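Going line by line, the protein sequences match chains A and B. So that you can map any letter, position 93 of the first sequence is 93 in the numbering used here, and since no number is skipped, the others follow by simple counting. For the numbering used here, add 1000 to where a residue sits in the second sequence, where the first one is 1. Structure, as structure tokens:
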Amino acid sequence: DGGITQSPKYLFRKEGQNVTLSCEQNLNHDAMYWYRQDPGQGLRLIYYSQIVNDFQKGDIAEGYSVSREKKESFPLTVTSAQKNPTAFYLCASKPPEGGGIQYFGAGTRLSVL
Amino acid sequence: AQRVTQPEKLLSVFKGAPVELKCNYSYSGSPELFWYVQYSRQRLQLLLRHISRESIKGFTADLNKGETSFHLKKPFAQEEDSAMYYCALQTGANNLFFGTGTRLTVIP
């Protein structure tokens, strides 16, 4: 089954805890993205990576960190510095010729205990 | 700075009625715009892009540079069109900047 796989589907974070959201793709795409989706606010870009070992901050990077050690993987860590982490997180990737075409994962819903 | 405005958070229409989801943008560069759709329990997916000028699932969208708009239209709404719709602008960094979305409900 090809595409973008996000795990887990649901995640709970305790106060002061860092949690990591997984995003894996087997589409051989260079570019990958993390978005945060909140009701009434649409999708906001957290981080993106155009190529392995390189990533850039998006519009709301504070309190988040990423790594891109492999082409297939782009994990997102929600750190304790993110004071309002409860949201739906979407990972996406883009083909080389994609322009504005992105393929999305099914998402991870993060809640705070 | 770029901006994408979807003025309606919620839109309800009756089945068979025309539907128009509004999108206005602000961007200093040459705009490339997209509509993405998220059906219930499905992934966000591309619906259409202005550059291809195609009709997908009966939907069309025309880029109007004079009015800086990219409204999504369908002449006869169907129940299966009920979904969340996002207008998105491709930025200079080849990233997407999304609007806040419009939830369309088609009433049977």
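Cβ coordinates follow ideal geometry from the N, Cα and C atoms, glycine included. A quick note: this is a predicted structure, and the numbers were derived from the prediction, not measured.
Based on the DSSP output, what are the partners of residue i in its beta bridges?
i, result
"residue 1109 (chain B)", "Outside the displayed span of chain B (1001 to 1108) sits residue 1109 (chain B), for which this structure offers no information."
"residue 1010 (chain B)", "B:1103"
"residue 1027 (chain B)", "Looking at the DSSP assignment, residue 1027 (chain B) forms no beta bridge with any residue, so it has no partner."
"residue 33 (chain A)", "A:48 and A:92"
Which residues in chain B sit within 8 Å of residue i, going by Cβ to Cβ distance?
i, result
"residue 89 (chain A)", "By Cβ distance, chain B contributes nothing, its closest Cβ being about 12 Å from residue 89 (chain A), past 8 Å."
Taking 7 Å as the limit between beta carbons, can you name the residues of its chain near residue i, skipping five residues before and five after?
i, result
"residue 90 (chain A)", "35, 37, 43, 104, 105 and 107"
"residue 1039 (chain B)", "1083"
"residue 1101 (chain B)", "1006, 1084, 1085 and 1086"
"residue 8 (chain A)", "108"
Mind pulling the chain A residues with CB within less than 7 Å of residue i?
i, result
"residue 1009 (chain B)", "40"
"residue 1099 (chain B)", "42"
"residue 1095 (chain B)", "45 and 48"
"residue 1002 (chain B)", "Near residue 1002 (chain B) there are no residues of chain A at all, since even the closest Cβ is about 10 Å away, more than 7 Å."
Please list, in chain order, all residues of the same chain as residue i whose beta carbon is under 8 Å from its beta carbon, the five residues on each side excluded.
i, result
"residue 1025 (chain B)", "1002, 1003, 1004, 1005, 1031, 1033, 1068, 1069, 1070, 1087 and 1089"
"residue 18 (chain A)", "77, 78, 79 and 80"
"residue 1017 (chain B)", "1076 and 1077"
"residue 23 (chain A)", "4, 5, 6, 32, 34, 73, 74, 75, 76, 91 and 105"
"residue 1079 (chain B)", "1015, 1106 and 1108"
In chain A, which residues lie less than 8 Å from residue i when you measure between Cβ atoms?
i, result
"residue 1086 (chain B)", "42 and 43"
Starting from the beta carbon of residue i, find every residue of chain A whose beta carbon is closer than 9 Å, and list them in chain order.
i, result
"residue 1078 (chain B)", "Correct list: empty, because the minimum Cβ distance to chain A is about 23 Å."
Quick check: is the beta carbon of residue i nearer than 9 Å to any beta carbon in chain E?
i, result
"residue 1089 (chain B)", "Looking for chain E here will not work: the only protein chains present are A and B."
Please return the same chain residues whose Cβ sits closer than 6 Å to the Cβ of residue i, not counting the five positions on each side in sequence.
i, result
"residue 1022 (chain B)", "1007 and 1071"
"residue 1103 (chain B)", "1010 and 1084"
Beta carbons nearer than 7 Å to chain A: which residues of the segment 1032-1044 of chain B have them?
1032, 1034, 1043 and 1044
Closer than 7 Å between beta carbons: that is the criterion. Which residues of the segment 19-46 of chain A meet it against chain B?
40, 41, 42, 43 and 45
Proximal residues, the segment 1046-1065 of chain B versus chain A, C-beta separation under 9 Å
1046, 1049 and 1051
To be precise: take each residue of the segment 84-112 of chain A, compare its Cβ to all Cβ atoms of chain B, and keep it if any distance is under 9 Å. Which residues remain?
Of all residues in the segment 84-112 of chain A, only 90, 92, 94, 98, 99, 100, 101, 102, 103, 104, 105, 106 and 107 come within less than 9 Å of chain B when Cβ atoms are compared, listed by chain position.
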